[in-house]
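J.:
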Amino acid sequence: MQKLLLAVDKFSTVIGQAFSWLIVVLTLLITWEVFSRYALDNPHPWAFDVMSMLYGSVFMMAGAYTLSKNGHVRGDVLYGFFPPRLQAGLDLALYILFFIPGVVAMAWAGYNFAAESWAINEHSNITANGPPVYPFKTIIPIAGTILLAQGLVEIVRCIVCLQQGAWPSRGQDVEEVDVEKLKEMVHVKDEDIAQLGALQPAAAGHKK
Amino acid sequence: MRKEVWFGLSIMAAVVLAAFVLLPAPSQMTNGHLGLLMLALVVVAIMLGFPTAFTLMGMGMVFAWIAYRSQNPGLAVQQTLDLMVQRTYSVMSNDVLISIPLFVFMGYLIERANLIEKLFKSMHLATARVPGSLAVATIITCAIFATATGIVGAVVTLMGLLALPAMLRAGYSVQLSAGAITAGGCLGILIPPSVMLIVYGATAGVSVVKLYAGAFFPGIMLASLYVVYVVVVAKLKPHLAPPMSAEDRRVPLPEFAQIVASTVSERVLPGLIGAIKGKRNSAVPLRSLLNHLGIAVLPALSVALIMGMVYFKVTAPLVEEASEGVVAMGAAATGVPEEEEKSVSGLAEPEEAGDLKLPPGAADTKAEAASEPSAASTQATPAEPVKAVATEPAAKAVAEPAAVPQRVPPPMSFWVALASCAVALAIFYAYFSFARLEIFKMLLGSFFPLAVMILAVLGTIVFGLATPTEAAAMGSMGGLLLAAAYRRLNMTVMRESVYLTAKTSAMVCWLFVGSSIFSAAFALLGGQELINQWVLSLNMTPVQFMILAQVVIFLLGWPLEWTEIIVIFMPIFIPLLPHFGIDPLFFGLLVALNLQTAFLSPPVAMAAFYLKGVSPPHVTLNQIFAGMLPFMAIQVLAIFLLYQFPAIGLWLPQMLYK
Numbered sequence: 000m001q002k003l004l005l006a007v008d009k010f011s012t013v014i015g016q017a018f019s020w021l022i023v024v025l026t027l028l029i030t031w032e033v034f035s036r037y038a039l040d041n042p043h044p045w046a047f048d049v050m051s052m053l054y055g056s057v058f059m060m061a062g063a064y065t066l067s068k069n070g071h072v073r074g075d076v077l078y079g080f081f082p083p084r085l086q087a088g089l090d091l092a093l094y095i096l097f098f099i100p101g102v103v104a105m106a107w108a109g110y111n112f113a114a115e116s117w118a119i120n121e122h123s124n125i126t127a128n129g130p131p132v133y134p135f136k137t138i139i140p141i142a143g144t145i146l147l148a149q150g151l152v153e154i155v156r157c158i159v160c161l162q163q164g165a166w167p168s169r170g171q172d173v174e175e176v177d178v179e180k181l182k183e184m185v186h187v188k189d190e191d192i193a194q195l196g197a198l199q200p201a202a203a204g205h206k207k
Numbered sequence: 000m001r002k003e004v005w006f007g008l009s010i011m012a013a014v015v016l017a018a019f020v021l022l023p024a025p026s027q028m029t030n031g032h033l034g035l036l037m038l039a040l041v042v043v044a045i046m047l048g049f050p051t052a053f054t055l056m057g058m059g060m061v062f063a064w065i066a067y068r069s070q071n072p073g074l075a076v077q078q079t080l081d082l083m084v085q086r087t088y089s090v091m092s093n094d095v096l097i098s099i100p101l102f103v104f105m106g107y108l109i110e111r112a113n114l115i116e117k118l119f120k121s122m123h124l125a126t127a128r129v130p131g132s133l134a135v136a137t138i139i140t141c142a143i144f145a146t147a148t149g150i151v152g153a154v155v156t157l158m159g160l161l162a163l164p165a166m167l168r169a170g171y172s173v174q175l176s177a178g179a180i181t182a183g184g185c186l187g188i189l190i191p192p193s194v195m196l197i198v199y200g201a202t203a204g205v206s207v208v209k210l211y212a213g214a215f216f217p218g219i220m221l222a223s224l225y226v227v228y229v230v231v232v233a234k235l236k237p238h239l240a241p242p243m244s245a246e247d248r249r250v251p252l253p254e255f256a257q258i259v260a261s262t263v264s265e266r267v268l269p270g271l272i273g274a275i276k277g278k279r280n281s282a283v284p285l286r287s288l289l290n291h292l293g294i295a296v297l298p299a300l301s302v303a304l305i306m307g308m309v310y311f312k313v314t315a316p317l318v319e320e321a322s323e324g325v326v327a328m329g330a331a332a333t334g335v336p337e338e339e340e341k342s343v344s345g346l347a348e349p350e351e352a353g354d355l356k357l358p359p360g361a362a363d364t365k366a367e368a369a370s371e372p373s374a375a376s377t378q379a380t381p382a383e384p385v386k387a388v389a390t391e392p393a394a395k396a397v398a399e400p401a402a403v404p405q406r407v408p409p410p411m412s413f414w415v416a417l418a419s420c421a422v423a424l425a426i427f428y429a430y431f432s433f434a435r436l437e438i439f440k441m442l443l444g445s446f447f448p449l450a451v452m453i454l455a456v457l458g459t460i461v462f463g464l465a466t467p468t469e470a471a472a473m474g475s476m477g478g479l480l481l482a483a484a485y486r487r488l489n490m491t492v493m494r495e496s497v498y499l500t501a502k503t504s505a506m507v508c509w510l511f512v513g514s515s516i517f518s519a520a521f522a523l524l525g526g527q528e529l530i531n532q533w534v535l536s537l538n539m540t541p542v543q544f545m546i547l548a549q550v551v552i553f554l555l556g557w558p559l560e561w562t563e564i565i566v567i568f569m570p571i572f573i574p575l576l577p578h579f580g581i582d583p584l585f586f587g588l589l590v591a592l593n594l595q596t597a598f599l600s601p602p603v604a605m606a607a608f609y610l611k612g613v614s615p616p617h618v619t620l621n622q623i624f625a626g627m628l629p630f631m632a633i634q635v636l637a638i639f640l641l642y643q644f645p646a647i648g649l650w651l652p653q654m655l656y657k
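Residue numbers (numbering that gives the first Met the number 0), protein chains in the order written: chain A, 0 to 207; chain B, 0 to 657.
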């Protein structure tokens, strides 16, 4: 079971990470476009559309990746203090109540939306001869489906947690605030911090 | 159970109770009441801890379906599906939100360029003589680093590792140290380029450019209020922040500098020149002497360069000059580095341009003040009088009748400014010892690259040279170059930054997808009208409304995060603003300041938890909270100041975008 969970995690992660490289493409593209416009006096009319497509693809396709790493913002005023079983129970209920209907509806509606766009061979109308829009619109059902798969995995996780009383493990990934890495970066060791504790009582006594 | 749980549960109970009391019985419920019920439910659901984006999406879908069904049951499902996909697509092709991944990417890159250690050390030495210097240096470092990266957690953690031990070792009180770190680390949310302002701009339909221009001075004001508070505390209660011993203050000099300082002269210029002549010092390598001489004359060179440029601009034929005046005024106001000024030439601002002559002094003193922080910080005096002198003639300057084809003679104010710059430089060099040269070198390696980058990104946005998206992309490019310049750009750093950016952007943008479906449902149900009617029926004055709105946002800041507050509740407040004649831009600035307090309000302030995670065991969470309280009070004071003097925020956008 755990293997299957991690396999789907892996899948979402690989897709999300692959698409996240589009950020570098986006950076380079805009930098080049700015240079081309100001220095070479040669703006490209398609640049604007392509920019928004890159951005849209990045965040849509990274949705499942973010979910698999538990990265979507939660109101954790209470949640963080709950025991794991209660967390899992709440999550399970809300996944079924909100997540599944919402994402299914989005993927389904997105499928029709994209199909229509393919049918009329839709091109962007922001500029004349805009680039085709249908591949971009196809992102919605694809991202929705992957997100749904990831959501099902999360539901299984909740059930496992309800049975075992502890959250099953997740795949490793880079963290925004990775204390160990930051410590290493600024050359601070645990001993230094501990030493500080030894030093403090004297200073505290002096203060009072 | 723990008190946090009780706290959360009581808020939840209060919301449910309020919903029960305020809403009519189910039999008399209209759609509008359903909308209000939805709002109450969503607050409760968010507090249950489910990912907010999907809570909003699911709930929005259900209520949108209810709303459509009450109109036309047959079409309800199709309409709901259409609404969802339309809303999703509009977020995907939103031209404001594109900047988010780019700014986030820039932030991660800069964070990983690992400038913070150098920055803190050099700031610390540069402010050595100020009372509470370590705390002051902490706040300045935080402000700059947080502005460039925008990542509260990482900044607080890093400063907790660097500054907290330093301050505790120097005998600072735990509270003051913790307060300075947490308050400083949160400044990045407010000072542009910040993601929060983009999110607000996208939600409220306010131009991000104006928000950036508007938030600049309030952000600086808040940072300066923090600094002032720390200095006052250190002055009044020295035992909380003991001054540094002369030993700590001493800057280790390189060998050659010691030789030169002891044999030739303490001061840099005479010392180096004397040594280069080589009569007394053949032991010192010429190369390092020349290198240092080059660094030492940098301030003078940059002043000369700017002055030359200004001279060139002032004396240029009048047509160009007219537009130049305004630009330079703006440049002076924001302290945009010289690169900006050089490239600004086409920004037409006809009304102002008519009666303004180029005030070179203003532009210059700023640039100069920026270029010699070692002098300005240790000797606050030299820069001050110059500013006064320079701005006065600038203000007096009147347009000269011209349209002369050849060069116009520069106005008097130019010469006054030039003279005052020369005097300032002379004073600067008179005090420019080898120790200060070392500090200057350190600042050159840490402070200036960041400051120039932030100001360049902001400058291009604010002066209309580039859209926020383009400036954000250039910022990311700058982050890449910066990381490369500090030898930190490798595949690991790149990969981590890219992945983190994808996750953060997905988090924010999916929240947008959810909230736009949610707010569509809210509008469909007519909840907005009900709130409008209710608020208008209260017959509040604009002031009362403002206070009410800010109090509500302040209270929401306890249980919710700023992203949630902005995307869910701003759409409710914004339509009310026109009734009271309040500028959404001004409201946004107040909200941005207000949400700062959300980061520092116990018991859920995340900054405190980040700091606790890296502090020595004897530092308790309560001490950190206690340290944050005075800074929270300062934030409230800042909101009050901004409210009393809206010009703090509105002056710059009004001047630039009339």
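Glycine included, C-beta positions come from ideal geometry on N, C-alpha and C.
Quick one: list the residues of chain A neighbouring T148 (chain B), beta-carbon separation under 7 Å, in chain order.
T.: Going along chain A, no residue has its Cβ under 7 Å from T148 (chain B), so there is no contact; the nearest lies around 11 Å.
J.: In or out: K9 (chain A) buried (at least 16 other Cβ within 10 Å) or exposed?
T.: The residue is exposed, with fewer than 16 neighbouring Cβ atoms inside 10 Å.
J.: Please list the partners that N113 (chain B) has in chain A, where partner means a Cβ-to-Cβ separation under 7 Å.
T.: By Cβ distance, chain A contributes M184.
J.: If the criterion is Cβ atoms closer than 8 Å, does the pair G474 (chain B) and F102 (chain B) meet it?
T.: Yes, the pair counts as a contact, with Cβ atoms nearer than the cut-off.
J.: On the DSSP bridge assignment, give the partners of P131 (chain A) in chain order.
T.: Bridge partners of P131 (chain A): A:H122.
J.: List, in order along the chain, the chain B residues whose C-beta lies closer than 9 Å to that of F98 (chain A)?
T.: The contacting residues are F49, P50, F53, T54, M56, G57.
J.: Taking I145 (chain A) and F112 (chain A) to be in contact with their CB atoms under 8 Å, please state how far apart those CB atoms are, rounded to whole angstroms.
T.: The Cβ separation is near 17 Å, so there is no contact.
J.: In chain A, which residues lie with their C-beta within 9 Å of the C-beta of E116 (chain B)?
T.: Chain A residues near E116 (chain B): M184, V185, H186.
J.: Just to confirm, are V84 (chain B) and V226 (chain B) a CB contact at a threshold of 8 Å?
T.: For V84 (chain B) and V226 (chain B), no; Cβs fall outside 8 Å.
J.: Could you list the residues in the segment 120 to 131 of chain A with a C-beta less than 7 Å from some C-beta on chain B, going in chain order?
T.: Answer set for the segment 120 to 131 of chain A: empty.
J.: For the segment 15 to 32 of chain A, enumerate the residues whose C-beta is nearer than 9 Å to any C-beta of chain B, in chain order.
T.: Within the segment 15 to 32 of chain A, the residues whose Cβ lies closer than 9 Å to some Cβ of chain B are G15, Q16, F18, S19, W20, L21, I22, V23, L25, T26, L27, L28, I29, T30, E32, listed in chain order.
J.: Starting from M60 (chain B), find everything on chain A with Cβ-Cβ shorter than 9 Å and list it in chain order.
T.: Near M60 (chain B) (Cβ distances below 9 Å), the residues of chain A are F97, P100, G101, A104, M105.
J.: Measuring straight from C-alpha to C-alpha, what distance separates C420 (chain B) and V302 (chain B)?
T.: Going by the C-alpha atoms only, they are around 8 Å apart.
J.: Which residues does DSSP pair with S432 (chain B) in a beta bridge?
T.: According to DSSP, S432 (chain B) bridges with B:R266.
J.: Please decide whether V164 (chain A) counts as near chain B, where near means a Cβ-Cβ distance under 8 Å.
T.: At residue 164 (chain A) the sequence reads Gly, which differs from the Val that was named. It does not; no Cβ of chain B falls within 8 Å.
J.: Quick check on P400 (chain B): buried or exposed, where buried means 16 or more other Cβ atoms within 10 Å of its Cβ?
T.: Because P400 (chain B) carries a pLDDT of 43, less than 50, the predicted location of this residue cannot be relied on, and the following value inherits that uncertainty. So P400 (chain B) ends up on the exposed side.
J.: By the three-class DSSP mapping on this structure, what secondary structure does E560 (chain B) have?
T.: The answer is coil: DSSP assigns E560 (chain B) none of H, G, I, E or B.
J.: Are the CB atoms of M506 (chain B) and G143 (chain A) nearer to each other than 8 Å?
T.: Taking 8 Å as the Cβ cut-off, M506 (chain B) and G143 (chain A) do not qualify as a contacting pair.
J.: Please check if any C-beta of chain A sits within less than 8 Å of the C-beta of I460 (chain B).
T.: No, I460 (chain B) does not count as interfacial toward chain A.
J.: At which residues does the alpha helix (DSSP H) containing K188 (chain A) begin and terminate?
T.: That residue, K188 (chain A), is in no alpha helix (DSSP H); it is neither H nor E in DSSP.
J.: Label V618 (chain B) either buried or exposed according to how many other C-beta atoms from any shown protein chain fall within 10 Å of its C-beta, with 16 as the threshold for buried.
T.: Buried is the call here.
J.: Which bits of chain A does M83 (chain B) rub up against, with CB to CB less than 9 Å?
T.: Per Cβ cutoff of 9 Å: G101, A104, M105, A108, G109.
J.: I need the DSSP call for N290 (chain B), collapsed to helix, strand or coil.
T.: If DSSP states are grouped into helix, strand and coil, N290 (chain B) belongs with the helices.
J.: Would you mind reading off the limits of the alpha helix (DSSP H) that contains L495 (chain B)?
T.: Reading the sequence as shown, one finds Glu at residue 495 (chain B) and not Leu. Per DSSP, E495 (chain B) belongs to the alpha helix (DSSP H) from 490 to 524.
J.: Cβ closer than 7 Å: which chain A residues qualify as neighbours of G612 (chain B)?
T.: Those are V178, listed as they occur along chain A.
J.: Mind pulling the chain A residues with CB within less than 8 Å of E469 (chain B)?
T.: In chain order: I29, E32, V33.
J.: Around the Cβ of W414 (chain B), are there at least 16 other Cβ atoms within 10 angstroms (buried) or fewer (exposed)?
T.: Per the 10 Å Cβ criterion, exposed.
J.: Grouping DSSP H, G and I as helix and E and B as strand, with all else coil, what is S168 (chain A)?
T.: Three-state result, S168 (chain A): coil.
J.: Can you find a C-beta in chain B that's less than 8 Å from the C-beta of R73 (chain A)?
T.: Yes, R73 (chain A) counts as interfacial toward chain B.
J.: At 7 Å on the CB atoms, spell out the chain A contacts of M46 (chain B), in chain order.
T.: Residues of chain A passing the Cβ test: G74, V76, L77.
J.: Considering only C-alpha positions, which residue in the set B:G213, B:L288, B:I115, B:G73 is nearest to F255 (chain B)?
T.: Ranking the options by Cα distance to F255 (chain B), first place goes to B:L288.
J.: For a quick check, are the C-beta atoms of L662 (chain B) and A482 (chain B) less than 8 Å apart?
T.: Here chain B has residues from 0 to 657 only, and residue 662 (chain B) is not among them.
J.: How would you call F511 (chain B), buried or exposed, if buried means at least 16 neighbouring beta carbons within 10 angstroms?
T.: Buried.
J.: For I97 (chain B), which residues in chain A fall below 7 Å Cβ to Cβ?
T.: Here the neighbours are M50, S51, Y54.
J.: If we define contact as Cβ-Cβ less than 8 Å, is K192 (chain A) a contact residue for chain B?
T.: Rather than Lys, the amino acid found at residue 192 (chain A) in this sequence is Ile. Cβ-Cβ to chain B under 8 Å: yes for I192 (chain A).
J.: Is the CB-CB distance between V309 (chain B) and S432 (chain B) below 8 Å?
T.: Their beta carbons are not under 8 Å apart, which means V309 (chain B) does not touch S432 (chain B) by this criterion.
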